[in-house]
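**Q** Residue numbers (UniProt numbering), protein chains in the order written: chain B, 1 to 419; chain C, 1 to 419. Note that beta-carbon positions come from the ideal geometry of N, C-alpha and C, so glycine has one too. Just dropping this structure here.
Protein chains: 2
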Amino acid sequence: KVERAFIIIYPFTPESSAAPTEETDSRPLPPGWSSYITPEGLRYYVNSSSKETTWRRPSSSAEAPQRPLARQNSSPYDKTLTLLASTFSFLPAALQQLCFSWVITRHLSVSSRFLLQINCVTFPLPGEGPEQQLLKPDEWSYCDYFWTDRKDPQGTTLVTGFEVLLQKQLKGKQLQKEMAEFIHERIKIEEEYAKNLSKLSLSPLAAQEEGTLGEAWTQLKKSLHDEAEVHLKFSNKLHTEVEKPLLTFRGDNFKKDLKKYDHHIADLRKQLASRYASVEKARKALADRQKDLEVKTQQLEIKLSNKTEEDIKKARRKSTQAGDDLMRCVDLYNQTQSKWFEEMVTTSMELEKLEVERIEWIQQHLRQYTTLRHETDMFNQSMVEPVDQLLQNVDPAKDRELWVKENKTGDVRPVDMDI
Amino acid sequence: KVERAFIIIYPFTPESSAAPTEETDSRPLPPGWSSYITPEGLRYYVNSSSKETTWRRPSSSAEAPQRPLARQNSSPYDKTLTLLASTFSFLPAALQQLCFSWVITRHLSVSSRFLLQINCVTFPLPGEGPEQQLLKPDEWSYCDYFWTDRKDPQGTTLVTGFEVLLQKQLKGKQLQKEMAEFIHERIKIEEEYAKNLSKLSLSPLAAQEEGTLGEAWTQLKKSLHDEAEVHLKFSNKLHTEVEKPLLTFRGDNFKKDLKKYDHHIADLRKQLASRYASVEKARKALADRQKDLEVKTQQLEIKLSNKTEEDIKKARRKSTQAGDDLMRCVDLYNQTQSKWFEEMVTTSMELEKLEVERIEWIQQHLRQYTTLRHETDMFNQSMVEPVDQLLQNVDPAKDRELWVKENKTGDVRPVDMDI
Chain B
1 KVERAFIIIY PFTPESSAAP TEETDSRPLP PGWSSYITPE GLRYYVNSSS
51 KETTWRRPSS SAEAPQRPLA RQNSSPYDKT LTLLASTFSF LPAALQQLCF
101 SWVITRHLSV SSRFLLQINC VTFPLPGEGP EQQLLKPDEW SYCDYFWTDR
151 KDPQGTTLVT GFEVLLQKQL KGKQLQKEMA EFIHERIKIE EEYAKNLSKL
201 SLSPLAAQEE GTLGEAWTQL KKSLHDEAEV HLKFSNKLHT EVEKPLLTFR
251 GDNFKKDLKK YDHHIADLRK QLASRYASVE KARKALADRQ KDLEVKTQQL
301 EIKLSNKTEE DIKKARRKST QAGDDLMRCV DLYNQTQSKW FEEMVTTSME
351 LEKLEVERIE WIQQHLRQYT TLRHETDMFN QSMVEPVDQL LQNVDPAKDR
401 ELWVKENKTG DVRPVDMDI
Chain C
1 KVERAFIIIY PFTPESSAAP TEETDSRPLP PGWSSYITPE GLRYYVNSSS
51 KETTWRRPSS SAEAPQRPLA RQNSSPYDKT LTLLASTFSF LPAALQQLCF
101 SWVITRHLSV SSRFLLQINC VTFPLPGEGP EQQLLKPDEW SYCDYFWTDR
151 KDPQGTTLVT GFEVLLQKQL KGKQLQKEMA EFIHERIKIE EEYAKNLSKL
201 SLSPLAAQEE GTLGEAWTQL KKSLHDEAEV HLKFSNKLHT EVEKPLLTFR
251 GDNFKKDLKK YDHHIADLRK QLASRYASVE KARKALADRQ KDLEVKTQQL
301 EIKLSNKTEE DIKKARRKST QAGDDLMRCV DLYNQTQSKW FEEMVTTSME
351 LEKLEVERIE WIQQHLRQYT TLRHETDMFN QSMVEPVDQL LQNVDPAKDR
401 ELWVKENKTG DVRPVDMDI
């Protein structure tokens with residue numbers, strides 16, 4: 001059972017968590033702007049009045065941003081993150097740093113000329129925007145490598161990165177079942193072997209051998225039964241300590257849980273796609289409105305008229321509304337993409353942890369297998385020791401004594417006949 | 001192959017080999033008699049003129065023995081013994097002593113009132129005659145305990161002591177064959193086990209496990225094949241080092257040799273029986289002649305006559321002849337019994353040696369069995385060591401790296417959409 005720890009990361013407050021570093025550029029910043037360094041050493045700029053944050057050094061003559069065309073930054077202050085934390089490998093400090101990275105790299109804007117959408121998900125163009133640092137450097141973490149969708153091996157349908165991760169876990173369940181099957185086959189082989197040895201140990205062959213040699217032979221035959229017991233014990237332990245655990249590790253609920261993750265993430269993608277459609281629709285509507293405004297403005301330049309001026313005012317108003325609509329749609333889109341992003345990170349971390357657990361659990365149980373093998377050979381070796389002992393004690397003279405006492409016909413020797 | 005050493009024991013010469021001891025009886029011996037002690041401390045008496053030897057102290061008034069009625073002693077001086085000596089346990093000194101015992105106890109006479117014939121072999125009555133010392137004391141030797149015939153377990157036919165010894169050797173041959181059969185059955189069991197393990201090692205189960213865990217799993221499967229090889233090697237060695245030798249030890253010639261012994265001894269017994277019959281016949285003839293003499297002597301007492309006197313002379317001559325015949329028959333009988341005695345001793349010693357060899361040979365080869373068992377378990381144990389090593393090296397982080405490198409879909413993270 002994975003421990004779920006919920007950690008709320010409050011919006012990142014640059015004033016409190018990062019110290020300003022030396023500016024390489026000596027030009028003064030425009031009024032209202034300050035500059036800071038993230039824990040990873042990245043310089044960023046914050047506008048204290050608009051709360052705008054950006055990687056790009058604002059130019060001195062930057063005007064107050066015009067809302068419809070300004071780069072809209074989702075304020076990091078407004079975001080919260082919930083993390084699924086596992087008990088291992090996450091230190092509080094590292095956790096914070098991770099979250100800073102998420103917040104900063106996720107929510108800082110990139111110029112729209114440098115964005116591309118792939119299946120409704122928005123990415124920076126390669127080489128554009130601030131270089132993205134890995135969320136978990138040096139770890140080859142799932143949360144760093146499965147963002148884009150790809151064609152599946154057949155090349156026909158699309159597979160999300162998340163589905164790749166999920167499939168791996170499901171595959172793991174199948175592999176553990178196959179391992180259990182293998183162990184089961186070994187068990188059957190051992191039981192057959194034990195049965196054969198046991199049967200042979202009861203053989204009456206050479207049972208008439210007597211004396212110390214007969215004892216040694218009897219013990220030799222018996223030792224086969226002892227060996228059989230050792231192998232039977234081995235197969236029983238294989239069953240309880242290796243096969244059964246491999247079969248029952250992560251029961252039916254596991255698949256259900258994975259399915260839940262699957263559906264949840266898929267729903268978020270559907271929602272994202274739908275909001276992307278809204279953005280496109282609003283974008284088109286704005287373009288129409290702007291074109292309409294342009295046309296009407298041209299009309300005014302040709303022929304001044306009160307009607308035209310009024311039309312222009314109306315058109316400008318509609319254009320502004322369309323701009324507002326677009327902003328709202330983009331905002332909703334970004335919120336959904338944010339939500340999906342967070343779910344992706346936490347769930348892929350969960351899957352990563354499950355995989356680590358799976359590997360370690362299997363390793364442990366296969367080590368149990370080798371331990372049982374070792375034990376078996378040692379026990380088996382000790383089964384011939386009594387035979388060794390008796391063979392060492394084989395004594396032809398003693399055997400002759402025993403046999404002669406039992407079988408002698410008469411000890412009085414003949415003498416000469418006498419008259 | 002038994003080493004045959006021929007040792008000729010010259011007739012025992014009391015003068016040279018035994019010192020006279022103190023006489024408990026102070027009465028003087030009759031003329032011509034001397035007294036000696038055997039190496040075992042038995043006192044015996046020798047008549048230097050007649051070469052008569054006896055355990056009984058001759059009475060002072062003993063007359064010169066009358067040949068027909070005298071106790072006829074086979075002179076030890078005339079006997080020679082051939083011994084089948086084996087290389088072990090016979091020291092020259094002990095050998096001599098043994099032979100002395102044979103000579104003395106065998107050939108010294110016992111009064112005919114104290115003899116009994118069992119199946120034509122002549123024994124002293126229990127409690128009569130000098131106490132017989134074992135030929136090989138403290139050894140439970142075959143040559144001491146198989147002199148009389150007995151009824152076989154069914155109680156119908158008669159079995160000679162020698163036949164009991166021979167049967168034991170033949171039985172030994174059968175037992176070794178049964179042991180070989182047992183080993184053969186073990187070999188079959190091992191081959192079956194090896195075959196099953198080998199087959200399972202090729203199983204594709206969980207073959208899709210990758211990374212360090214996959215390597216460990218692959219080696220685990222392979223180790224089953226290695227185990228199979230160990231067991232196959234075991235079964236091969238069992239065949240060449242235990243089964244085959246057990247089958248071929250003492251080939252067909254062995255039975256032929258035993259048969260030869262059997263026939264030889266049986267022939268001597270037949271000869272003895274026939275000579276015994278002759279003795280009985282001669283005894284009866286003598287009795288008839290003596291009765292005839294008696295009758296004729298009585299006739300003379302009734303009525304003296306020349307004819308009767310002549311008849312008596314004739315009858316007396318015939319009686320003497322019959323006495324001589326009887327003596328000759330007894331002599332021949334005793335010679336045959338001697339010969340049979342010697343053959344019995346040497347052949348039973350041979351059989352005894354064969355049995356010692358048989359036991360030791362089987363002991364050696366069964367110890368080879370246990371050695372192979374030990375080796376097998378040790379080799380088998382070492383087959384899981386590479387698996388242990390790889391399991392120890394299982395590293396979920398490394399496996400994740402390998403898998404992610406191979407399967408990642410894209411590492412660029414999404415950013416906010418921007419207009």
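Quick one: is B/ARG27 near chain C, going by C-beta distance under 9 Å?
**A** Numbered from 1 along the first sequence, position 27 holds the residue referred to as residue 27 of chain B. Chain C contact via Cβ: absent.
**Q** Looking at the strands, I want to know which residues DSSP matches up with B/THR122.
**A** Translated into positions along the first sequence, residue 122 of chain B becomes position 122. Beta-bridge pairing links B/THR122 to B/GLN117.
**Q** Note down the Cα distance separating B/TRP33 from B/SER305, rounded to an integer number of angstroms.
**A** Position 33 of the first sequence holds residue 33 of chain B. Position 305 of the first sequence holds residue 305 of chain B. C-alpha separation (whole angstroms): 45 Å.
**Q** Just confirm the distance between the C-beta atoms of B/GLY211 and B/LYS398, as a whole number of angstroms; I'd bet it's less than 8 Å.
**A** Indexing the first sequence from 1 puts residue 211 of chain B at position 211. Indexing the first sequence from 1 puts residue 398 of chain B at position 398. Sure, about 6 Å apart at Cβ, within 8 Å.
**Q** Mind listing the chain B neighbours of C/GLY410? Cutoff is C-beta to C-beta under 9 Å, in chain order.
**A** The sequence position of residue 410 of chain C within the second sequence is 410, counting from 1. Within chain B, the residues near C/GLY410 are ILE118, PHE123, TYR145, PHE146, TRP147, THR148, ASP149, ARG150 and GLY161.
**Q** Would you kindly check if the distance between the Cβ of C/PHE234 and the Cβ of C/GLU343 is under 9 Å?
**A** In the second sequence, counting from the first residue as 1, residue 343 of chain C sits at position 343. In the second sequence, counting from the first residue as 1, residue 234 of chain C sits at position 234. Going by C-beta atoms, C/GLU343 is not nearer than 9 Å to C/PHE234.
**Q** Residues in its own chain within less than 7 Å of B/LYS1 by CB, not counting five upstream and five downstream?
**A** As a position in the first sequence, residue 1 of chain B is number 1, starting the count at 1. Note that B/LYS1 scores a pLDDT of 24, beneath 50, so its modelled location is shaky; the value from the coordinates is reported in the next line. Around B/LYS1: no qualifying Cβ.
**Q** Since B/LYS151 sits in a beta bridge, which residues does DSSP pair it with?
**A** Indexing the first sequence from 1 puts residue 151 of chain B at position 151. Note: B/LYS151 sits in a beta bridge opposite B/LEU158.
**Q** Which residues of chain C have a Cβ atom closer than 8 Å to the Cβ of B/PRO396, listed in chain order?
**A** Sequence index remark: in the first sequence, residue 396 of chain B carries index 396 (1-based). By Cβ distance, chain C contributes GLU355, VAL356, ILE359 and GLU360.
**Q** Taking the C-alpha atoms as reference points, what is the distance between B/SER338 and B/LEU351?
**A** Along the first sequence, one-based indexing puts residue 338 of chain B at 338. Along the first sequence, one-based indexing puts residue 351 of chain B at 351. Spanning the two alpha carbons is a distance of roughly 20 Å.
**Q** Quick check on B/THR240: buried or exposed, where buried means 16 or more other Cβ atoms within 10 Å of its Cβ?
**A** Against the first sequence, residue 240 of chain B aligns to sequence position 240. Counting Cβ neighbours within 10 Å, B/THR240 comes out exposed, since fewer than 16 surround it.
**Q** Taking the straight line between their C-alpha atoms, what separation do you get for C/ILE118 and C/GLY172?
**A** In the second sequence, the residue the question calls residue 118 of chain C occupies position 118. In the second sequence, the residue the question calls residue 172 of chain C occupies position 172. Answer to the nearest angstrom: the Cα atoms are 30 Å apart.
**Q** With C-beta atoms as the reference, is residue 420 of chain C less than 9 Å away from B/LEU366?
**A** The displayed coordinates of chain C run from 1 to 419. Any statement about residue 420 of chain C would go beyond what the structure contains.
**Q** Tell whether a beta-carbon distance below 9 Å holds between C/ALA311 and C/GLN299.
**A** On the second sequence, position 311 is the one that residue 311 of chain C refers to. On the second sequence, position 299 is the one that residue 299 of chain C refers to. Here residue 311 of chain C is Asp; the residue named in the question, Ala, does not match the sequence. Taking 9 Å as the Cβ cut-off, C/ASP311 and C/GLN299 qualify as a contacting pair.
**Q** Under the assumption that B/ILE189 contacts C/LEU200 (Cβ atoms under 8 Å), give the Cβ distance between them as a whole number of angstroms.
**A** As a first step, residue 189 of chain B must be located in the first sequence, where it is residue number 189. As a first step, residue 200 of chain C must be located in the second sequence, where it is residue number 200. At roughly 7 Å, the Cβ-Cβ gap stays under 8 Å, so B/ILE189 and C/LEU200 are in contact.
**Q** Starting from the Cα of B/LEU332, find the closest Cα among B/PRO126, B/ALA273 and B/LEU125 and give me that residue.
**A** Here residue 332 of chain B refers to the residue found at position 332 of the first sequence. Comparing Cα positions, the closest option is B/ALA273.
**Q** Are B/LYS255 and B/LEU170 closer than 9 Å when you measure CB to CB?
**A** Translated into the one-based positions of the first sequence, residue 255 of chain B becomes position 255. Translated into the one-based positions of the first sequence, residue 170 of chain B becomes position 170. Contact flag set, yes.
**Q** Roughly how many whole angstroms lie between the Cα atoms of C/HIS263 and C/ASP257?
**A** Reading the second sequence from its first residue, position 263 is the one you call residue 263 of chain C. Reading the second sequence from its first residue, position 257 is the one you call residue 257 of chain C. Rounded to the nearest angstrom, the two C-alpha atoms are 10 Å apart.
**Q** To which residues of the same chain is B/PHE123 closer than 8 Å at the C-beta, ignoring the five residues directly before and after it?
**A** Position 123 of the first sequence, counted from the first residue, corresponds to residue 123 of chain B. Closer than 8 Å at the Cβ level, and outside the excluded window around B/PHE123, lie LEU115, LEU116, GLN117, TRP147 and THR148.
**Q** Determine the burial state of B/GLU355: buried for a count of at least 16 other Cβ atoms within 10 Å of its Cβ, exposed for fewer.
**A** Residue 355 of chain B sits at position 355 when you count from the first residue of the first sequence. Its Cβ being crowded by 16 or more others within 10 Å, B/GLU355 is buried.
**Q** Could you confirm whether any beta carbon from chain B is found closer than 9 Å to the beta carbon of C/HIS239?
**A** The residue labelled residue 239 of chain C in the question sits at position 239 within the second sequence. No, its Cβ sits nowhere closer than 9 Å to a Cβ of chain B.
**Q** In chain B, what lies closer than 7 Å to C/ASP252 by C-beta?
**A** Counting from 1 along the second sequence, the entry for residue 252 of chain C is found at position 252. Under the 7 Å cutoff, chain B gives no residues; its nearest Cβ is about 20 Å from C/ASP252.
**Q** Please report whether the beta-carbon of C/ALA62 lies at a distance below 9 Å from any beta-carbon of chain B.
**A** The residue you call residue 62 of chain C lines up with position 62 of the second sequence. Caution is warranted here: a pLDDT of 46 is assigned to C/ALA62, below 50, making its placement in the model unreliable, and the coordinate value is therefore given only provisionally. No, its Cβ sits nowhere closer than 9 Å to a Cβ of chain B.
**Q** Quick check on B/ASN236 - is its C-beta less than 9 Å from some C-beta in chain C?
**A** Position 236 of the first sequence, counted from the start, is the residue given in the question as residue 236 of chain B. False, the Cβ-Cβ gap to chain C never drops below 9 Å.
**Q** In chain order, which continuous runs of the alpha helix (DSSP H) of length 4 or greater are located wholly inside the stretch 267 to 340 of chain C?
**A** Here no run is fully enclosed.
**Q** Which residue marks the beginning of the alpha helix (DSSP H) containing C/ARG400, and which one marks its end?
**A** Here residue 400 of chain C refers to the residue found at position 400 of the second sequence. From DSSP, the alpha helix (DSSP H) with C/ARG400 extends over 396 to 407.
**Q** Starting from B/HIS374, find everything on chain C with Cβ-Cβ shorter than 7 Å and list it in chain order.
**A** If you number the first sequence from 1, residue 374 of chain B lands on position 374. Neighbours of B/HIS374 on chain C, chain order: GLN381 and VAL384.
**Q** Going by DSSP, name the residue or residues bridged to C/PHE182.
**A** Translated into positions along the second sequence, residue 182 of chain C becomes position 182. Beta-bridge pairing links C/PHE182 to no other residue.
**Q** Just list the residues that DSSP pairs B/GLY410 with in beta bridges.
**A** Residue numbering aside, residue 410 of chain B sits at position 410 when the first sequence is read from its first letter. Beta-bridge pairing links B/GLY410 to C/PHE146.
**Q** Closest to C/LEU175 by C-alpha separation, out of C/SER382, C/ARG250, C/MET383 and C/LYS260, would be which residue?
**A** Within the second sequence, the letter at position 175 stands for residue 175 of chain C. The shortest C-alpha separation from C/LEU175 is found at C/ARG250.
**Q** Which two residues bound the contiguous alpha helix (DSSP H) that contains C/HIS231?
**A** Your numbering for residue 231 of chain C matches position 231 in the second sequence. From DSSP, the alpha helix (DSSP H) with C/HIS231 extends over 211 to 238.
**Q** Can you tell me the Cβ-Cβ gap for C/ILE187 and C/GLU243, rounded? I've got them flagged as a contact below 8 Å.
**A** Position 187 of the second sequence, counting from 1, holds the residue named residue 187 of chain C. Position 243 of the second sequence, counting from 1, holds the residue named residue 243 of chain C. Right, the Cβ-Cβ distance comes to about 7 Å (below 8 Å), so this counts as a contact.
**Q** For C/GLN381, name the three-state secondary structure that DSSP assigns.
**A** As a position in the second sequence, residue 381 of chain C is number 381, starting the count at 1. Looking at C/GLN381 - three-state DSSP - the assignment turns out to be helix.
**Q** Could you pull out every residue in the same chain whose Cβ sits closer than 7 Å to the Cβ of B/ALA206, ignoring the five residues on either side in sequence?
**A** Residue numbering aside, residue 206 of chain B sits at position 206 when the first sequence is read from its first letter. So the qualifying residues of the chain are TRP217.
**Q** Kindly indicate which residue of C/GLN208, C/GLU209, C/THR336 and C/LYS291 has the alpha-carbon position closest to the one of C/LYS270.
**A** On the second sequence, position 270 is the one that residue 270 of chain C refers to. Looking at the Cα atoms, C/THR336 is the closest of the given residues.
**Q** What does B/PRO414 reach in chain C if we use C-beta pairs closer than 7 Å?
**A** Here residue 414 of chain B refers to the residue found at position 414 of the first sequence. Under the 7 Å cutoff, chain C gives VAL121, THR122, PHE123, TRP147, GLN337 and PHE341.
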